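Protein chains in written order, with numbering that gives the first Met the number 0: chain A, 0 to 318; chain B, 0 to 428.
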Amino acid sequence: MEILNKIFVAPFADMIAAPDFLMQVLWEGLVSGVLYALIALGFVLIFRSSRIFNFAQGIMVVFAALTLVGLHEMGVPAWIAVALTLAVMFGLAVSIERIVLRPLVGQPDIILFMATIGITLFLIGFGEIIFGGENKLMITSELGIPTGDFVLEPFGGLLILQHIDITAVLVAAALVVSLLVFLNKTRMGRAIRALGDDHQAALSVGISLQTIWVLVWFIAGIIALVTGIAWGSRAGVSFALEVIAYKALPVLMLGGLESITGAIIGGLMIGMLEKMFEIYWGAPLLGGNTESWFAYVLALVVLLFRPQGLFGEKIIERV
Amino acid sequence: MKTFTKLALASALSLGLAAPAFAEGLFAPNLTYRTGPFASTGIPLMDGQKDYMTLLNERDGGIGGVMINFEECETGYSTEKGVECYERTKADAIVTQPWSTGITLQVLPKTNTDMIPILAPGYGFSPMANGKVFQWAFNPPVSYWDGASMIMQYLSGGDMGSLSGKKVVLLHLDHPFGKEPIPVLEAMAEAYGFELKLVPVGLKEMQNQSAQWLQIRRERPDYVVMWGWGAMNASAIAEAVKTKFPMENFVGVWWAGHDADLKQVGADGKGYKSISWSMPQPDSPLMADVKKYVIDAGKSTVEDPNSVFYQRGLVISMFLAEAISVAQAEFGVAEINAEQLRWGLENLNITDERLAELGMTGMVPPFSTSCSNHTGHSGAWMLEWDGEKFVKASDLLMPDAEFIAPLEEANSLEYAEANAPWPMNEACN
Numbered sequence: 000m001e002i003l004n005k006i007f008v009a010p011f012a013d014m015i016a017a018p019d020f021l022m023q024v025l026w027e028g029l030v031s032g033v034l035y036a037l038i039a040l041g042f043v044l045i046f047r048s049s050r051i052f053n054f055a056q057g058i059m060v061v062f063a064a065l066t067l068v069g070l071h072e073m074g075v076p077a078w079i080a081v082a083l084t085l086a087v088m089f090g091l092a093v094s095i096e097r098i099v100l101r102p103l104v105g106q107p108d109i110i111l112f113m114a115t116i117g118i119t120l121f122l123i124g125f126g127e128i129i130f131g132g133e134n135k136l137m138i139t140s141e142l143g144i145p146t147g148d149f150v151l152e153p154f155g156g157l158l159i160l161q162h163i164d165i166t167a168v169l170v171a172a173a174l175v176v177s178l179l180v181f182l183n184k185t186r187m188g189r190a191i192r193a194l195g196d197d198h199q200a201a202l203s204v205g206i207s208l209q210t211i212w213v214l215v216w217f218i219a220g221i222i223a224l225v226t227g228i229a230w231g232s233r234a235g236v237s238f239a240l241e242v243i244a245y246k247a248l249p250v251l252m253l254g255g256l257e258s259i260t261g262a263i264i265g266g267l268m269i270g271m272l273e274k275m276f277e278i279y280w281g282a283p284l285l286g287g288n289t290e291s292w293f294a295y296v297l298a299l300v301v302l303l304f305r306p307q308g309l310f311g312e313k314i315i316e317r318v
Numbered sequence: 000m001k002t003f004t005k006l007a008l009a010s011a012l013s014l015g016l017a018a019p020a021f022a023e024g025l026f027a028p029n030l031t032y033r034t035g036p037f038a039s040t041g042i043p044l045m046d047g048q049k050d051y052m053t054l055l056n057e058r059d060g061g062i063g064g065v066m067i068n069f070e071e072c073e074t075g076y077s078t079e080k081g082v083e084c085y086e087r088t089k090a091d092a093i094v095t096q097p098w099s100t101g102i103t104l105q106v107l108p109k110t111n112t113d114m115i116p117i118l119a120p121g122y123g124f125s126p127m128a129n130g131k132v133f134q135w136a137f138n139p140p141v142s143y144w145d146g147a148s149m150i151m152q153y154l155s156g157g158d159m160g161s162l163s164g165k166k167v168v169l170l171h172l173d174h175p176f177g178k179e180p181i182p183v184l185e186a187m188a189e190a191y192g193f194e195l196k197l198v199p200v201g202l203k204e205m206q207n208q209s210a211q212w213l214q215i216r217r218e219r220p221d222y223v224v225m226w227g228w229g230a231m232n233a234s235a236i237a238e239a240v241k242t243k244f245p246m247e248n249f250v251g252v253w254w255a256g257h258d259a260d261l262k263q264v265g266a267d268g269k270g271y272k273s274i275s276w277s278m279p280q281p282d283s284p285l286m287a288d289v290k291k292y293v294i295d296a297g298k299s300t301v302e303d304p305n306s307v308f309y310q311r312g313l314v315i316s317m318f319l320a321e322a323i324s325v326a327q328a329e330f331g332v333a334e335i336n337a338e339q340l341r342w343g344l345e346n347l348n349i350t351d352e353r354l355a356e357l358g359m360t361g362m363v364p365p366f367s368t369s370c371s372n373h374t375g376h377s378g379a380w381m382l383e384w385d386g387e388k389f390v391k392a393s394d395l396l397m398p399d400a401e402f403i404a405p406l407e408e409a410n411s412l413e414y415a416e417a418n419a420p421w422p423m424n425e426a427c428n
């Protein structure tokens with residue numbers, strides 16, 4: 000009986016009794032969700048245009064953030080360091096296309112996937128050689144990102160909104176809107192979508208596979224840099240950040256591998272639901288640390304009913 | 000030049016071992032984690048360990064005339080890689096330094112048959128203190144249970160009864176290391192009437208602790224005790240600041256007292272505390288020698304030689320060097336073997352006088368080990384972050400031996416029974 004109470008009654012009673020706390024939980028979930036969505040977007044873009052599941056997206060977040068911090072440590076002013084980091088990410092995109100992807104054109108998807116695992120391991124080793132393994136401070140204030148907080152008192156309670164988190168949400172939203180405009184309103188954006196819709200048809204009308212691959216890997220690099228700055232501002236930059244990127248996997252399972260809308264909604268759903276579950280059910284019933292697995296269980300449940308994810312395209316293969 | 004040195008070091012590490020074995024000398028491998036999510040904690044500690052041995056090799060020609068081969072084997076804090084490193088190095092090693100409670104627990108049974116002492120200063124399985132059961136394992140100068148005892152005594156102001164009715168959160172890594180203080184804290188909660196709440200942090204959530212700190216906000220604890228390692232610590236401290244938790248009621252274990260983690264929050268972290276069995280002494284004669292023979296000679300990769308962790312690394316290697324020296328004197332040979340080193344580790348006598356001779360006065364409390372006491376239970380100081388650096392915030396605190404000893408005895412015997420047949424040192428009283 001007590002267990003039923005803990006599942007069906009107590010959590011909702013808690014939410015009603017402390018609505019300010021519920022708002023804080025939802026806000027924290029939203030912030031995490033936005034960042035999960037950003038990482039997932041990097042995966043989706045590359046998958047849509049090349050059918051490559053880019054396992055290296057997580058380490059690209061770390062690599063971009065460490066490059067930015069590393070350049071600044073060398074005395075480069077913050078915003079010039081951002082520009083140089085973008086140049087490095089562009090160089091990385093070109094290198095990956097030239098050295099790894101181009102020779103593998105036409106190979107089975109699994110080979111390309113394995114190649115991205117290789118890129119991940121290379122970037123970990125290379126990054127540790129160049130930047131070392133110590134936790135580094137993100138150059139938050141140097142970039143002009145506000146670091147204070149708004150303390151609100153809804154329902155006579157307490158709600159703390161960090162300026163960093165608000166900035167992360169706004170920048171992420173702006174990035175997503177820019178991306179959607181780019182994909183829908185520009186020639187290159189339409190070329191990316193065309194390649195995603197029908198590879199052969201896109202190639203037959205003269206769309207350059209190499210150019211598009213460099214472009215999507217570079218956009219994934221930009222997303223990685225924004226995500227790295229946002230996460231790094233919260234807890235510093237280290238190689239431990241890479242594991243957070245794996246949170247994008249259930250987001251992709253939930254939202255669908257090819258859907259930008261799915262990545263965004265999936266990210267927000269997982270961010271908020273995992274936080275709600277951990278606070279109101281996970282900690283009281285299971286001793287906590289449910290965030291490690293909750294998102295995967297949620298995604299698996301969705302897959303049982305919609306194998307293509309909530310927003311993925313239904314795959315019909317005729318024999 | 001520094002980048003080049005890092006490149007060379009990392010290239011060597013990526014091949015598994017940092018340096019080729021010397022043809023001669025004492026082989027004392029270190030199972031390091033300079034890479035991976037815990038590297039931020041590992042690098043300064045391992046720099047300190049390596050630099051102390053480099054100092055002895057450069058200044059004194061080794062120990063007792065024998066050079067020390069302080070080879071590193073990189074584990075990335077992975078238990079599997081750690082066991083692999085142990086297997087790879089055990090043939091010629093006189094000691095193994097596993098550097099993770101997970102690795103320690105894995106190699107613990109093997110050392111009985113391989114007859115290699117484990118040196119796990121300030122970490123590992125707390126009942127290893129019982130030398131009668133754990134003949135080959137040493138965790139000087141204090142165990143995690145000692146640490147938990149000293150933290151609670153400090154928070155109680157010396158009167159454990161005053162904790163009655165209080166609520167204490169243990170924010171811990173969800174890993175064998177993070178779970179280590181739970182048995183003793185649960186026993187204390189029952190004995191002294193305080194409420195203990197466990198808040199685990201998963202390895203994948205180390206840098207994403209908002210849920211844990213929301214839970215802490217809801218629990219409204221009087222104190223938060225942190226058993227964190229690596230990237231977990233910086234995130235926890237940042238979240239504590241963010242959620243406006245009173246920092247003076249936030250205390251970490253000695254691995255959660257890294258200067259770099261606190262520099263991230265600067266003045267906002269003022270009041271945060273960390274129990275520590277080592278204390279940096281930047282002006283000590285030892286540091287002058289380290290600077291002269293190691294750092295200025297370009298033989299070190301250290302970034303902040305005055306940090307708590309770097310100087311703790313020096314202290315850790317001093318334990319090993321002293322054990323080697325004691326064994327050499329006892330057995331009359333310079334090139335001692337693993338069994339002779341085991342004797343040395345069992346007969347450490349780090350007095351104030353000896354620390355003064357080593358130029359390390361005040362860097363670690365005096366302690367001694369024995370056949371039955373493989374920890375030494377030296378005591379520790381509470382350090383406090385003043386906004387810029389850690390400063391000493393207490394006199395020497397001592398663990399409650401009367402409370403801990405029966406738990407150590409019971410748990411060590413339980414371990415031996417669970418791993419029977421387990422060899423006991425019957426000569427030990």
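Backbone N, C-alpha and C define an ideal beta-carbon position, used for all residues, glycine too.
All values derive from a computational prediction rather than experimental measurement.
Put simply, the backbone Cα of Phe304 (chain A) is about 38 Å away from that of Pro102 (chain A). Under the Cβ criterion of 9 Å, Trp280 (chain A) is not counted among the residues facing chain B. As the crow flies, the alpha-carbon of Ser177 (chain A) is around 15 Å from that of Ile191 (chain A).
In the DSSP assignment, Asp196 (chain A) falls within the alpha helix (DSSP H) that extends over Arg186 to Asp196. Boundaries of the beta strand (DSSP E) harbouring Trp226 (chain B): Tyr222 to Trp226, taken from the DSSP string.
By the C-beta density criterion, Ala255 (chain B) is buried, having at least 16 other C-beta atoms within 10 angstroms. For Ala239 (chain A), the neighbours in chain B by C-beta distance under 7 Å run, in chain order, Pro36, Met205, Gln206, Gly229 and Ala230. Counted as a single uninterrupted DSSP element, the beta strand (DSSP E) harbouring His171 (chain B) occupies residues Lys166 to Leu172.
Shown here for Asp46 (chain B): same chain residues with a beta carbon closer than 7 Å to its own, the five before and five after excluded, namely Ser299, Thr300, Val301, Tyr309 and Gly312 in chain order. Neighbours of Ser291 (chain A) across chain B, judged by C-beta separation under 7 Å: Gly201, Lys203 and Glu204. With respect to chain A, the C-beta atom of Thr374 (chain B) has no partner C-beta closer than 9 Å.
Taking a Cβ-Cβ threshold of 8 Å, the residues of chain B close to Glu27 (chain A) are Ser209, Ala210 and Leu213, in chain order. Within chain A, the C-beta atoms nearer than 7 Å to that of Leu197 (chain B) come from Gly286, in chain order. Of all residues in the region 11-37 of chain A, the ones placed with a Cβ closer than 7 Å to any Cβ belonging to chain B are Phe20, Gln23, Val24, Glu27 and Ser31, in chain order. If you look at Gln161 (chain A), you'll find it isn't in any alpha helix (DSSP H); it sits in the beta strand (DSSP E) that goes Leu158 to Gln161. If only uninterrupted beta strand (DSSP E) runs of at least 3 residues are considered, those enclosed by the region 54-88 of chain B are 71-73. Identification of chain A residues near Gln310 (chain B) by a Cβ-Cβ cut-off of 9 Å yields none; the smallest Cβ-Cβ distance measures about 16 Å.
For Val106 (chain B) and Lys89 (chain B), the gap between their C-alpha atoms comes out near 11 Å. CA-CA distance, Tyr85 (chain B) to Leu91 (chain A), rounds to 37 Å. Looking from the CA of Ile58 (chain A), the closest CA among A:Phe121, A:Gly265 and A:Glu96 belongs to A:Phe121.
In this structure, Lys274 (chain A) keeps its C-beta atom at 9 Å or more from the C-beta atom of Ser377 (chain B). Residues of the region 92-112 of chain B that bring their beta carbon within less than 7 Å of a beta carbon in chain A are absent altogether. Per DSSP, Leu202 (chain B) is not a residue of any alpha helix (DSSP H), being assigned neither H nor E.
Counting of Cβ neighbours within 10 angstroms places Glu152 (chain A) among the exposed residues, the total staying below 16.
With a cutoff of 9 Å on beta-carbon distance, Gly220 (chain A) and Lys135 (chain A) are scored as not near each other.
For Met397 (chain B), DSSP assigns no beta-bridge partner whatsoever. Listed along chain B, no residue sits closer than 7 Å to Ile6 (chain A) by beta-carbon distance, the nearest being about 18 Å off. No Cβ-Cβ contact shorter than 9 Å links Ser31 (chain A) with Leu202 (chain B). Closer than 8 Å at the C-beta level to chain A, one finds these residues of the region 257-271 of chain B: Ala259, Asp260, Lys262 and Gln263. At a cut-off of 4 residues, the continuous stretches assigned as alpha helix (DSSP H) that sit fully inside the region 99-182 of chain A are 108-130.
Listed along chain A are Asn288, each with a C-beta nearer than 7 Å to that of Asp173 (chain B). When Cβ-Cβ separations below 9 Å define contact, Ile116 (chain A) makes no contact with chain B.
With a cutoff of 9 Å on beta-carbon distance, Phe20 (chain A) and Leu213 (chain B) are scored as near each other.
Burial state of Pro97 (chain B) is buried, judged by a 10 Å Cβ sphere holding 16 or more other Cβ atoms. The DSSP-derived three-state label of Ser299 (chain B) is coil. By the rule that beta-carbons nearer than 9 Å mark a contact, Ile42 (chain B) touches chain A.
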